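Note sheet for the following structure.
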Amino acid sequence: MSGLTTVRETHEVAARTGKAFEVATGDLIRITDLEGSQPVDFWAFSKADHLEYLSCEHTKPSIEKLFPHVGDSAYTNRRQKIVTVVKDTSPGQHDMQYAACDPTRYAELGVEGYHESCQENLHLALGDYSIVLEFTPQPWNLFTNFFINPDGTFTIKAPESKPGDHIVLRAEMDTTIVVSACPQDQNPTCGGQPTDIRVEVGR
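Residues 0 to 202, numbered by numbering that gives the first Met the number 0, are exactly what the sequence shown covers, in order.
This is the structure in C-alpha coordinates:
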(Lines of atoms letter the chains of each structure in order from A; the text may use other names.)
(Lines give C-alpha, C1' and ligand atoms only; values in the text may rest on other atoms or scores of the structure.)
Protein backbone atom coordinates (compact mmCIF):
# COMPACT_ATOMS: atom_id res chain seq x y z
CA MET A 0 0.00 0.00 0.00
CA SER A 1 1.61 3.26 -1.10
CA GLY A 2 -1.07 5.93 -1.16
CA LEU A 3 -4.69 6.90 -0.63
CA THR A 4 -7.27 5.45 -2.98
CA THR A 5 -10.25 7.00 -1.17
CA VAL A 6 -10.01 10.43 0.49
CA ARG A 7 -12.48 10.87 3.35
CA GLU A 8 -11.55 14.36 4.46
CA THR A 9 -9.28 17.20 3.35
CA HIS A 10 -7.77 19.96 5.46
CA GLU A 11 -6.34 23.06 3.80
CA VAL A 12 -3.93 24.52 6.36
CA ALA A 13 -2.91 28.11 5.74
CA ALA A 14 0.67 29.26 6.23
CA ARG A 15 1.51 30.04 9.88
CA THR A 16 -1.54 28.15 11.23
CA GLY A 17 -2.26 24.70 12.66
CA LYS A 18 -5.00 22.08 12.52
CA ALA A 19 -6.05 19.14 14.68
CA PHE A 20 -8.05 16.13 13.46
CA GLU A 21 -8.70 12.54 14.47
CA VAL A 22 -7.83 9.34 12.63
CA ALA A 23 -8.61 5.68 13.22
CA THR A 24 -6.20 2.76 13.21
CA GLY A 25 -5.32 1.95 9.60
CA ASP A 26 -6.20 5.38 8.21
CA LEU A 27 -3.73 6.95 5.78
CA ILE A 28 -2.65 10.56 6.19
CA ARG A 29 -1.21 12.35 3.16
CA ILE A 30 0.60 15.61 3.93
CA THR A 31 1.44 17.74 0.90
CA ASP A 32 3.86 20.64 0.58
CA LEU A 33 1.84 22.66 -1.93
CA GLU A 34 4.41 25.26 -2.98
CA GLY A 35 7.68 23.64 -1.89
CA SER A 36 10.16 24.36 0.90
CA GLN A 37 7.46 24.35 3.60
CA PRO A 38 8.13 22.46 6.85
CA VAL A 39 5.28 20.83 8.74
CA ASP A 40 5.48 20.33 12.48
CA PHE A 41 3.68 17.03 13.15
CA TRP A 42 2.33 15.69 16.44
CA ALA A 43 0.32 12.53 17.16
CA PHE A 44 -1.44 11.66 20.43
CA SER A 45 -3.16 8.41 21.39
CA LYS A 46 -6.90 9.00 21.63
CA ALA A 47 -7.03 6.54 24.53
CA ASP A 48 -4.64 8.67 26.59
CA HIS A 49 -3.26 11.96 25.30
CA LEU A 50 -0.26 11.62 27.60
CA GLU A 51 0.93 8.93 25.19
CA TYR A 52 2.27 10.72 22.13
CA LEU A 53 4.74 10.50 19.26
CA SER A 54 8.17 10.87 20.86
CA CYS A 55 11.22 11.71 18.78
CA GLU A 56 13.56 10.68 21.58
CA HIS A 57 11.96 7.23 21.83
CA THR A 58 11.64 6.76 18.06
CA LYS A 59 15.34 7.20 17.28
CA PRO A 60 16.65 4.35 19.46
CA SER A 61 13.76 2.10 18.40
CA ILE A 62 14.62 2.42 14.70
CA GLU A 63 18.34 3.28 15.16
CA LYS A 64 17.99 6.17 12.69
CA LEU A 65 17.72 9.95 12.99
CA PHE A 66 14.12 9.77 11.70
CA PRO A 67 11.83 7.21 10.05
CA HIS A 68 12.03 6.39 6.33
CA VAL A 69 9.56 4.44 4.19
CA GLY A 70 8.68 1.25 6.06
CA ASP A 71 9.73 2.65 9.44
CA SER A 72 7.42 3.68 12.28
CA ALA A 73 7.46 6.56 14.70
CA TYR A 74 7.03 5.47 18.31
CA THR A 75 5.35 6.89 21.38
CA ASN A 76 6.85 7.73 24.75
CA ARG A 77 5.57 4.28 25.77
CA ARG A 78 7.48 2.69 22.88
CA GLN A 79 4.42 1.76 20.84
CA LYS A 80 4.10 2.34 17.09
CA ILE A 81 1.85 5.31 16.37
CA VAL A 82 2.38 6.06 12.66
CA THR A 83 4.31 4.33 9.87
CA VAL A 84 5.74 5.91 6.72
CA VAL A 85 4.25 4.17 3.68
CA LYS A 86 5.20 6.65 0.91
CA ASP A 87 7.45 9.69 0.55
CA THR A 88 7.92 11.63 -2.70
CA SER A 89 10.04 14.35 -1.07
CA PRO A 90 13.85 14.35 -0.71
CA GLY A 91 13.26 12.73 2.69
CA GLN A 92 14.29 15.54 5.03
CA HIS A 93 12.20 15.02 8.19
CA ASP A 94 14.08 16.34 11.22
CA MET A 95 13.63 14.88 14.71
CA GLN A 96 16.17 17.12 16.48
CA TYR A 97 14.58 20.55 16.84
CA ALA A 98 11.90 21.76 19.25
CA ALA A 99 8.89 23.65 17.89
CA CYS A 100 9.38 27.36 17.35
CA ASP A 101 7.93 29.36 20.26
CA PRO A 102 7.80 32.97 21.49
CA THR A 103 11.11 32.62 23.33
CA ARG A 104 12.81 31.37 20.16
CA TYR A 105 11.57 34.37 18.19
CA ALA A 106 12.77 36.72 20.91
CA GLU A 107 16.14 34.95 20.73
CA LEU A 108 16.16 35.70 17.00
CA GLY A 109 15.45 39.38 17.61
CA VAL A 110 11.69 39.54 17.02
CA GLU A 111 9.91 42.18 19.09
CA GLY A 112 6.25 41.67 19.89
CA TYR A 113 3.91 38.91 18.73
CA HIS A 114 4.89 36.26 16.19
CA GLU A 115 2.97 33.11 15.27
CA SER A 116 4.64 29.89 16.42
CA CYS A 117 4.21 26.15 16.04
CA GLN A 118 3.97 25.85 19.82
CA GLU A 119 0.97 28.17 19.87
CA ASN A 120 -0.55 26.42 16.86
CA LEU A 121 -0.32 23.07 18.68
CA HIS A 122 -2.10 24.23 21.81
CA LEU A 123 -4.76 26.22 19.94
CA ALA A 124 -5.52 23.21 17.75
CA LEU A 125 -5.71 20.81 20.70
CA GLY A 126 -8.20 23.20 22.28
CA ASP A 127 -10.66 22.26 19.53
CA TYR A 128 -10.79 18.83 21.23
CA SER A 129 -10.72 20.25 24.78
CA ILE A 130 -7.21 18.84 25.26
CA VAL A 131 -4.95 20.85 27.55
CA LEU A 132 -1.26 20.00 27.86
CA GLU A 133 1.09 21.58 30.37
CA PHE A 134 4.06 20.98 28.07
CA THR A 135 4.95 20.92 24.38
CA PRO A 136 6.24 17.61 22.98
CA GLN A 137 8.99 17.88 20.39
CA PRO A 138 7.39 17.67 16.95
CA TRP A 139 8.44 15.55 14.03
CA ASN A 140 9.54 18.25 11.57
CA LEU A 141 8.46 17.03 8.15
CA PHE A 142 10.12 18.54 5.04
CA THR A 143 12.66 20.25 7.31
CA ASN A 144 16.32 20.52 6.30
CA PHE A 145 18.29 20.94 9.53
CA PHE A 146 21.61 19.55 8.36
CA ILE A 147 23.88 17.77 10.84
CA ASN A 148 27.54 18.47 10.10
CA PRO A 149 30.34 15.96 10.78
CA ASP A 150 31.54 18.04 13.74
CA GLY A 151 28.11 17.80 15.40
CA THR A 152 26.94 21.33 14.57
CA PHE A 153 23.71 22.13 12.73
CA THR A 154 23.19 24.17 9.60
CA ILE A 155 19.66 25.46 9.05
CA LYS A 156 19.01 25.06 5.32
CA ALA A 157 15.96 25.71 3.19
CA PRO A 158 13.97 22.54 2.51
CA GLU A 159 14.58 20.87 -0.84
CA SER A 160 10.96 19.70 -1.15
CA LYS A 161 9.22 20.74 -4.39
CA PRO A 162 5.59 21.78 -5.00
CA GLY A 163 3.37 18.73 -4.59
CA ASP A 164 5.87 16.63 -2.67
CA HIS A 165 4.09 14.57 -0.03
CA ILE A 166 4.49 11.98 2.66
CA VAL A 167 1.90 9.32 3.50
CA LEU A 168 1.63 7.95 7.04
CA ARG A 169 -0.49 5.06 8.31
CA ALA A 170 -2.05 5.40 11.76
CA GLU A 171 -1.13 2.46 13.99
CA MET A 172 -3.63 3.43 16.70
CA ASP A 173 -6.64 5.73 17.06
CA THR A 174 -4.92 9.07 17.13
CA THR A 175 -5.39 12.82 17.46
CA ILE A 176 -3.10 14.49 14.93
CA VAL A 177 -1.90 18.10 14.91
CA VAL A 178 -0.05 19.72 12.01
CA SER A 179 1.42 23.23 11.85
CA ALA A 180 2.47 25.00 8.65
CA CYS A 181 5.59 26.42 10.27
CA PRO A 182 5.70 30.25 10.43
CA GLN A 183 9.47 30.55 10.82
CA ASP A 184 10.57 33.51 8.68
CA GLN A 185 13.67 34.61 10.60
CA ASN A 186 16.05 32.07 9.02
CA PRO A 187 16.03 29.66 6.04
CA THR A 188 13.79 27.06 7.76
CA CYS A 189 10.88 27.78 5.38
CA GLY A 190 12.97 29.00 2.48
CA GLY A 191 12.22 32.57 3.53
CA GLN A 192 8.45 32.53 3.09
CA PRO A 193 5.95 30.26 4.92
CA THR A 194 3.30 28.77 2.64
CA ASP A 195 0.18 26.58 2.80
CA ILE A 196 -0.06 22.80 3.15
CA ARG A 197 -2.78 20.23 2.52
CA VAL A 198 -3.66 17.17 4.61
CA GLU A 199 -5.88 14.36 3.34
CA VAL A 200 -7.18 11.39 5.33
CA GLY A 201 -8.58 8.17 3.90
CA ARG A 202 -7.78 4.57 3.07
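All C-beta atoms, glycine included, are put in the ideal place defined by N, C-alpha and C. Note that this is a predicted model, so its numbers are computed, not measured.
Kindly indicate the opening and closing residues of the beta strand (DSSP E) around Gly17. Gly17 to Val22
Beta-carbon separation of Asp32 and Ser116 under 9 angstroms? Cβ atoms of Asp32 and Ser116: not closer than 9 angstroms.
For the candidate residues Gln192, Asp173 and Thr188, whose alpha-carbon lies nearest to that of Ile28? Comparing alpha-carbon positions, the option among Gln192, Asp173 and Thr188 lying closest to Ile28 turns out to be Asp173.
Determine, using beta carbons only, whether Phe41 and Tyr52 come nearer to each other than 9 angstroms. Not closer than 9 angstroms, so no.
In chain order, what are the residue ranges of uninterrupted beta strand (DSSP E) at least 3 long that sit wholly in the segment 48-83? 72-74
If you measure between the beta carbons of Phe142 and Val22, is that distance less than 9 angstroms? no
Answer yes or no: do Ile155 and Thr188 have a C-beta to C-beta separation smaller than 9 angstroms? yes
Gln96 vs Pro158 beta-carbon contact at 9 angstroms: Contact flag unset, no.
In this structure, does DSSP put His201 in helix, strand or coil? According to the sequence shown, residue 201 is Gly rather than His. Reduced to three states, the DSSP call for Gly201 is strand.
Pull up the distance between the alpha-carbon of Gly126 and that of Asn76, whole angstroms please. 22 angstroms
Cβ shell of Met0 (< 8 angstroms), same chain only, five flanking positions each side left out: Low per-residue confidence applies at Met0: pLDDT is 49, beneath 50, and the placement is therefore not dependable enough to give any value.
If you follow the alpha helix (DSSP H) that Asn120 is in, where does it begin and where does it stop? Cys117 to Gly126
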